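Written below as structure tokens is the structure these notes are about.
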Amino acid sequence: MDHPVPSDPLTVLACFSRLNINPHNRNNGRKRLRHPYPSPLNSPNASSFLVFSPITAAYDQSVTPKLKVVETLARDLGAIAWIAGAKGQAMNIAIPWPQESSPSTLTASQNNTEQQDHASEPVPVPAVKKFIQLDIHILATSHELDWHLFHAAHGDLWSILGSTIRPFGLTINHSGLHLRIPSIETHDRKNSLVLLTSSPTAALQFLGLDAERWWHPFGSQQEMFEYAAGCRLFWVKTESDFEEEQGDKEESGVKMNSGMGMQDIGIRDQSGDRKVEKRLNTNDRQRLLKRPIFRAWIEDFVPSKRSSPSDPNRSPNPPLTRDQVRAEAFSTFGPAVQHAYTTREKAFLRAKNIDDIWQIAIKQNVPGTLDPQVRSAACRFLKGVLMDEEILWHGEKPKAAERDGNGFWDGEEVGAFVRENWEEAGRLGMLWQREKAAEGMRAKAEEKRIAAEAMTEKMEGERRGGERDMYADVHPAVRG
């Protein structure tokens with residue numbers, strides 16, 4: 016991608032967007048920033064809102080504090096408020112909304128031209144309690160700049176593509192294209208993301224999109240939608256499948272906005288037999304309400320692509336399964352990605368297995384009606400036998416304490432052992448705790464004894480040293 020970037024390896028990407036900003040205000044904002052900049056490509060309806068990304072040489076954070084930078088920018092831009100943000104976060108600046116000329120004032124001016132030799136100037140009407148929010152992001156390299164410009168291009172296009180690729184385990188965000196780990200994402204979505212690439216071209220090619228076409232504006236909203244539909248993972252249910260599903264929902268008493276269901280996507284699970292419904296997530300539902308282009312995609316364009324059962328070109332199933340996409344990602348982006356994926360998944364599953372064995376297989380199988388002290392002793396004793404391997408069960412290691420080749424305990428086997436032996440574990444646990452307490456007391460007594468001996472030896476040494484110093488000043492004849 017060709018665009019000017021500052022010579023300094025650090026760059027600042029500043030973006031702000033609000034509705035109904037006219038070209039004069041847009042240009043005025045750019046002039047006030049006083050620097051040349053590359054800017055993300057606007058979406059086809061960019062006339063209704065402002066999005067631009069001025070780039071300026073960044074600062075050395077070791078020399079100039081972040082707060083000083085945001086204060087300087089705020090002063091130059093005439094801001095009334097600003098937030099420096101924590102490390103890695105954007106700096107936020109609130110700029111007063113520029114004064115506009117009201118339609119009534121302009122009309123009055125036009126009428127005056129008929130009665131006067133010169134037209135009177137429009138009277139500025141201040142915008143009340145309106146502000147422009149300027150968000151400034153610190154980017155460490157020109158490569159990061161390229162990705163941010165790519166990710167911000169064409170307005171809502173990545174929201175559209177994101178809703179298409181999400182059911183296949185893919186996510187794109189401010190840092191790159193990611194593959195999600197299913198076993199982790201329901202517990203920790205951020206940790207489930209494995210980076211595939213931060214190259215715009217590589218990301219587009221993997222999705223089956225024309226990388227060269229991306230860097231040119233779309234002539235219309237329809238043209239942009241057709242481009243998005245060119246994604247190799249784009250797939251829409253047939254009319255009969257969609258109507259059947261909607262009928263099932265009505266019979267079950269589930270009400271669903273017709274537009275909300277338009278993007279329902281059926282993805283086969285690992286067995287390939289069961290349909291797993293992937294619908295709009297919370298963020299997409301918000302976009303549906305607030306983003307006209309995204310709503311047009313969901314309510315107008317996607318239904319227009321829904322084929323009838325008689326269509327010979329219809330596809331009853333999605334182009335790929337999630338498993339197939341994952342395999343292609345490993346093949347395309349190399350063994351390092353697969354290693355990162357498997358390593359992180361194994362680490363998570365092991366940690367989860369440890370937590371499940373303790374919280375579920377052991378604690379939940381010891382009756383909660385027991386005396387709290389006895390129950391605690393039973394649980395801890397069983398943990399020592401089954402998990403920590405620091406205690407033997409009647410002189411031997413039970414089979415339930417053994418782990419498989421991947422380092423996992425069998426939860427059912429551990430649970431069965433606990434249910435059969437919790438009473439004995441309570442009795443042994445109380446004895447074990449008493450012995451541990453006695454050992455602790457003996458250890459503390461030994462520590463005190465050693466400390467006392469050390470203190471005595473130190474004092475004796477100091478006494479002897481003092482005597483030597485005292486006799487050192489005595490004449491040898493006297494000492495003899």
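Numbering (the numbering used here), first residue to last: 16 to 495.
Quick reminder that beta carbons are idealized off the backbone N, C-alpha and C, glycines included.
As the structure is a computational prediction, the values presented were derived from the model and not from experiment.
Proximity below 8 Å, CB of residue i to CB of residue j
i	j	result
ALA415	VAL429	yes
LEU194	LEU185	yes
GLN148	ALA109	yes
VAL352	PHE183	no
ILE175	ALA99	no
ILE308	GLY170	yes
LEU211	CYS246	no
ARG365	GLY422	yes
PHE432	ILE199	no
SER207	GLY191	no
Through-space distance from residue j to residue i, alpha-carbon basis
i	j	result
ILE95	LYS144	11 Å
MET271	LYS252	With a pLDDT of only 35 at MET271, under the threshold of 50, the placement of this residue in the model should not be trusted; the figure read from the coordinates follows. Spanning the two alpha carbons is a distance of roughly 17 Å.
ASP299	PHE348	28 Å
THR79	ASN380	59 Å
PHE233	MET239	6 Å
CYS394	ASP419	23 Å
LEU222	LEU164	18 Å
ARG457	LYS412	28 Å
ALA392	PRO382	12 Å
ALA342	GLN220	16 Å
ALA105	LEU56	21 Å
ARG306	LEU335	29 Å
ARG479	ALA469	15 Å
PRO197	GLU435	35 Å
ARG217	LEU154	According to the sequence provided, residue 217 is Ala. The question's Arg does not apply to it. One C-alpha to the other measures close to 21 Å.
ASP315	GLU227	27 Å
GLY481	ALA467	21 Å
PHE372	MET402	In the sequence under discussion, the amino acid at residue 372 is Ile, which differs from the Phe named in the question. Approximately 8 Å, taken between the alpha carbons.
LYS463	GLU454	14 Å
GLN114	ASP370	60 Å
GLU417	GLU427	13 Å
HIS158	ILE151	17 Å
LYS102	GLU472	54 Å
VAL209	ASP161	20 Å
GLU475	LYS451	36 Å
VAL317	PRO215	25 Å
PRO51	PRO59	Caution applies to PRO51, whose pLDDT of 48 falls short of 50 and renders its modelled position unreliable; the value that the coordinates give is listed next. When rounded, the distance between both Cα atoms is 24 Å.
PRO350	GLU241	34 Å
LEU304	THR156	36 Å
ARG449	ALA460	16 Å
GLU360	LEU92	48 Å
HIS231	ALA344	27 Å
LYS81	THR297	34 Å
SER346	ARG204	24 Å
DSSP beta-bridge partners of residue i
i	result
GLU411	TRP408
MET106	ILE151
ARG306	Answer is none; ARG306 lacks a bridge partner.
GLY191	ASN188
TRP97	ILE108
THR212	LEU192
PHE146	PRO111
Contact test: residue i Cβ vs the ligand SAH heavy atom, cutoff 7 Å
i	result
GLU200	As presented, the structure is devoid of all ligands, the ligand SAH included, so that no description of it is given.
Contact belief for residue i with residue j at Cβ below 8 Å, rounded distance in angstroms
i	j	result
HIS166	HIS202	No, HIS166 and HIS202 are not in contact; Cβ-Cβ is about 26 Å, not under 8 Å.
TRP437	ASN368	At roughly 21 Å, the Cβ-Cβ gap does not stay under 8 Å, so TRP437 and ASN368 are not in contact.
PHE146	TRP97	So it is not a contact: roughly 11 Å between Cβ atoms.
TRP229	PRO333	Rounded, the Cβ-Cβ distance is 24 Å, inconsistent with contact.
GLN236	ALA168	About 15 Å separates the two Cβ atoms, so there is no contact after all.
ILE180	LEU248	5 Å
Should the segment 439-459 be regarded as contacting the segment 381-396, the criterion being three or more beta carbon pairs within less than 8 Å?
yes
Three Cβ pairs or more, each shorter than 8 Å: is that satisfied between the segment 403-417 and the segment 349-359?
no
Using 8 Å as the cut-off, can you tell me whether the segment 396-404 makes contact with the segment 369-378, which would need three or more C-beta pairs spanning the two stretches below that distance?
yes
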